[in-house]
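Novice: In full-length UniProt numbering, the protein residues as written are 1 to 373. I am attaching a structure below and will ask some questions about it afterwards.
Set out below in structure tokens:
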């Protein structure tokens with residue numbers, strides 16, 4: 001029973017880590033129109049939380065060592081929940097930016113600590129990271145797929161559509177509060193560990209995470225606008241984003257298990273990256289977007305759990321896994337935060353997305369070079 005409870009705790013926490021980002025991503029065109037903002041400003045709504053996920057990741061291990069892993073995870077869930085709820089306060093770009101910032105801080109605490117959580121409660125099963133990744137993907141898919149229908153059903157109520165995802169955070173908090181009463185980590189017994197800043201392997205993990213995150217968040221933010229620029233309707237553009245997210249679920253479930261069976265982690269990293277290359281090449285071709293979106297989703301769905309798995313496999317303790325994860329996510333998310341911003345900036349300058357897609361092709365090539373190093 002305890003193992004089942006720990007899996008459920010992991011799953012419901014991970015479910016909350018993306019709706020605050022993907023709900024905005026699916027509504028990007030509507031937000032730009034209703035608030036009268038540029039593509040570059042709109043990019044900040046996805047860039048800010050990702051940047052926070054990098055900048056504040058090291059604070060996660062410090063807080064965990066002081067307060068305990070479980071208690072710090074509850075604080076992160078509380079921050080995400082409050083940030084999402086505050087989006088009901090008014091239809092303002094300032095509110096959206098402030099909540100993106102505070103929600104990103106909450107996510108930054110949860111990211112490294114959920115890897116530490118897996119190492120602590122499932123030390124012999126790094127493949128459990130697939131549950132983490134799939135739950136996160138399901139949360140992202142729900143928000144990206146349902147936010148626009150909720151917006152239309154609520155008579156175009158933007159604040160309701162963006163804040164309704166508070167319910168997921170409330171459910172998580174109800175679930176996690178008993179957990180922190182049962183499990184308290186003792187700060188006196190925890191070894192004080194620093195980020196592995198001089199470790200070459202950890203540096204490579206960080207670079208890979210950065211390129212991977214740049215691609216993921218650029219695609220999440222701009223698949224719908226790219227579809228709109230190709231002549232698709234708002235509803236069809238939202239469906240394509242949802243398909244991009246949903247196809248990640250089977251990839252995130254299957255690929256970590258295939259890695260466990262074959263032991264060929266590098267091979268699967270490269271294959272997933274090639275899938276993204278194929279998807280981007282299809283976007284530049286005069287064919288429907290659906291095949292491109294499926295290839296991009298399969299690549300992203302495989303790369304993310306493998307990025308989470310690397311620190312767990314390479315470390316010996318939960319605390320060490322937390323510091324390696326904190327470092328890769330700190331540098332990786334800071335790099336990744338500039339992905340949507342750069343893509344939006346290139347679009348503003350050129351007036352079309354071809355140059356932006358070529359920039360993403362360059363990012364994937366760089367990612368493969370790091371994987372093969």
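Glycine included, every Cβ here is placed at the ideal spot set by N, Cα and C.
1) What is the rounded straight-line gap between the Cα of residue 263 and the Cα of residue 159?
2) So which of 87, 67, 30 and 55 has the shortest CA-CA distance to residue 337?
3) Mark residue 34 as exposed unless 16 or more other C-beta atoms lie within 10 angstroms of its C-beta, in which case mark it buried.
4) Counting C-beta neighbours from all protein chains within 10 Å, is the total for residue 3 16 or more, i.e. buried, or is it exposed?
5) Ignore the nearest five residues each way along the sequence and tell me which others in residue 350's own chain have a CB closer than 8 Å to its CB.
6) State buried or exposed for residue 119, treating a residue as buried only when at least 16 other CB atoms are found within 10 Å of its CB.
7) Please tell me whether residue 86 and residue 72 are closer than 7 Å, where the distance is taken between their beta carbons.
8) Does residue 65 pass the burial test, meaning 16 or more other C-beta atoms within 10 Å, or should it be called exposed?
9) I need the straight-line Cα distance from residue 321 to residue 253, nearest angstrom please.
10) Could you round the C-beta distance between residue 16 and residue 246 to whole angstroms and report it? I think they count as a contact, below 8 Å.
11) Just reading off the alpha helix (DSSP H) that residue 18 is part of, what are its end residues?
12) In terms of residue numbering, what span does the alpha helix (DSSP H) encompassing residue 152 cover?
13) What number of angstroms, rounded off, separates the C-alpha of residue 154 from the C-alpha of residue 148?
14) Candidates 50, 51, 42 and 114: which alpha carbon is nearest residue 397's?
15) For residue 339, which residues in the same chain have their Cβ closer than 6 Å to its Cβ, ignoring the five residues on either side in sequence?
16) Reducing DSSP to helix, strand and coil, say where residue 37 ends up.
17) Out of 200, 179, 163 and 347, which one is the CA nearest neighbour of residue 96?
18) For the pair the stretch 128-141 and the stretch 295-308, tell me if three or more CB-CB distances fall below 8 Å.
19) According to DSSP, simplified to helix, strand and coil, what is residue 188?
20) Provide the residue span of the alpha helix (DSSP H) that contains residue 331, from first to last.
21) Return helix, strand or coil for residue 91, following the three-state DSSP convention.
22) Please classify residue 197: does DSSP put it in a helix, a strand, or coil?
23) Kindly give me the distance between the Cβ atoms of residue 83 and residue 94, rounded to whole angstroms, as I take these residues to be in contact under 8 Å.
24) Closest to residue 299 by CA distance: which of 173, 70, 268 and 22 is it?
25) Does DSSP classify residue 7 as helix, strand or coil?
26) Among residues of its own chain, excluding the 5 on either side of residue 122, which ones have a beta-carbon nearer than 7 Å to its beta-carbon?
27) From what residue to what residue does the alpha helix (DSSP H) around residue 310 run?
Specialist: Inspection of the coordinates gives the following:
1) By one-based count along the chain shown, residue 263 stands at place 263. By one-based count along the chain shown, residue 159 stands at place 159. Going by the C-alpha atoms only, they are around 47 Å apart.
2) Reading the chain shown from its first residue, position 337 is the one you call residue 337. Closest in alpha carbon position to residue 337, among 87, 67, 30 and 55, is 55.
3) Position 34 of the chain shown, counted from the start, is the residue given in the question as residue 34. The residue in question, residue 34, is exposed, as its Cβ has fewer than 16 Cβ neighbours within 10 Å.
4) Counting from one through the chain shown, the residue named residue 3 turns up at place 3. Residue 3 comes out exposed.
5) Stepping through the chain shown from its first residue, residue 350 is reached at position 350. Hits under 8 Å: 356.
6) Working through the chain shown from its first residue, we reach residue 119 at position 119. So residue 119 counts as buried.
7) Counted from its first residue, the chain shown places residue 86 at position 86. Counted from its first residue, the chain shown places residue 72 at position 72. No, Cβ-Cβ distance for residue 86 and residue 72 is not below 7 Å.
8) Position 65 of the chain shown holds residue 65. With a threshold of 16 other beta carbon atoms within 10 Å, residue 65 meets it and is buried.
9) Along the chain shown, read from residue 1 onward, the residue named residue 321 stands at position 321. Along the chain shown, read from residue 1 onward, the residue named residue 253 stands at position 253. Taking the straight line joining both Cα atoms gives about 21 Å.
10) Here residue 16 is taken as the residue at index 16 of the chain shown, counted from 1. Here residue 246 is taken as the residue at index 246 of the chain shown, counted from 1. So it is not a contact: roughly 18 Å between Cβ atoms.
11) Taking the first residue of the chain shown as position 1, residue 18 is located at position 18. Taken as a continuous stretch (DSSP letters only), residue 18 belongs to no alpha helix (DSSP H), as it is neither H nor E.
12) Taking the chain shown and counting its residues from 1, one reaches residue 152 at position 152. Element bounds for residue 152: 129-153.
13) Within the chain shown, residue 154 is the residue found at index 154, counting from 1. Within the chain shown, residue 148 is the residue found at index 148, counting from 1. Spanning the two alpha carbons is a distance of roughly 10 Å.
14) As displayed, the chain neither begins before 1 nor continues past 373, which places residue 397 out of reach and without an answer.
15) Locating residue 339 in the chain shown gives position 339, counting from the first residue. Excluding residues within five positions, the ones whose Cβ falls inside 6 Å are 214, 217 and 218.
16) Residue mapping note: residue 37 aligns to position 37 of the chain shown, counting from 1. Note: residue 37 maps to coil in three-state DSSP.
17) The residue you call residue 96 lines up with position 96 of the chain shown. Per the Cα distances, 163.
18) yes
19) Residue mapping note: residue 188 aligns to position 188 of the chain shown, counting from 1. Reliability of the predicted coordinates at residue 188 is poor, the pLDDT of 42 falling under 50, and the value obtained from them is presented with this limitation in mind. Under the three-state reduction of DSSP, residue 188 is assigned to helix.
20) By 1-based counting over the chain shown, the position of residue 331 is 331. Note, residue 331: alpha helix (DSSP H), 318-350.
21) Reading the chain shown from its first residue, position 91 is the one you call residue 91. Residue 91 falls in the coil class under three-state DSSP.
22) Looking up residue 197 in the chain shown gives position 197. Taken through DSSP and simplified to helix, strand or coil, residue 197 comes out as coil.
23) By one-based count along the chain shown, residue 83 stands at place 83. By one-based count along the chain shown, residue 94 stands at place 94. Contact doesn't hold; Cβ gap of about 14 Å is too wide.
24) For the purposes of this step, residue 299 is taken as the residue at position 299 of the chain shown. Among 173, 70, 268 and 22, the Cα nearest to that of residue 299 belongs to 268.
25) Working through the chain shown from its first residue, we reach residue 7 at position 7. Helix at residue 7.
26) Locating residue 122 in the chain shown gives position 122, where the first residue counts as 1. Excluding sequence neighbours, residue 122 sits near 128.
27) Here residue 310 corresponds to residue number 310 of the chain shown, with the count starting at 1. Per DSSP, residue 310 belongs to the alpha helix (DSSP H) from 289-314.
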